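Residue numbering for the sequence shown is 1 to 84, as defined by the UniProt record's numbering. All C-beta atoms in this analysis are idealised placements derived from N, C-alpha and C, irrespective of residue type, glycine included. No experiment lies behind these values; they were computed from the predicted model shown.
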Amino acid sequence: MGVTFTFEDIREICRRLGLSVRKSRNNYVLEGTDSEGNFLRVSVHWKADGRNLAKGTVSQIAKDLGFKDVADMRGFLQNKKRKR
């Protein structure tokens with residue numbers, strides 16, 4: 001069984017990284033500068049709100065946010081004290 005993420009999980013990760021959420025037409029755009037000074041931007045279709053995201057989408061989001069892989073992003077989500 002693979003690792004699943006909901007839109008709320010992604011929103012929580014972005015909040016902890018210091019990104020803001022805005023709605024843009026058919027997408028939620030999560031963007032901002034993290035603590036290391038890197039500009040990060042992730043776009044998720046509004047229909048994803050409340051659903052599990054597809055494996056490929058989660059993989060791309062992990063890459064865009066600077067994580068090594070999806071498992072690294074899951075570890076960040078689960079460990080509230082972890083800094084990047």
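Residues of its chain near residue i, where Cβ-Cβ distance is below 7 Å and the 5 sequence neighbours each way are ignored
| i | result |
| --- | --- |
| E31 | L19, S20, L40, R41 |
| V70 | V3, V58, S59, A62 |
Cut-off 6 Å between Cβ atoms - residues of its own chain near residue i, not counting five sequence neighbours on either side
| i | result |
| --- | --- |
| F67 | M73 |
| R15 | none |
Cutoff 8 Å; reference residue i; Cβ partners in own chain excluding five residues on either side
| i | result |
| --- | --- |
| I13 | L65, M73, F76, L77 |
| L53 | T4, F5, T6, F7, I10, V44, I61 |
| D34 | L17, G18, L19, L40, G66, R84 |
Straight-line gap, residue i to residue j (C-alpha atoms, nearest Å)
| i | j | result |
| --- | --- | --- |
| Y28 | G50 | 13 Å |
| N38 | R82 | 18 Å |
| R22 | E36 | 22 Å |
| G56 | K80 | 25 Å |
Discussion item. My parser needs the alpha helix (DSSP H) runs of 4 or more residues fully inside the region 3–79; what are they?
Written reply: Counting whole runs of 4 or more residues, the region 3–79 contains the alpha helix (DSSP H) stretches 7–17, 55–64, 70–78.
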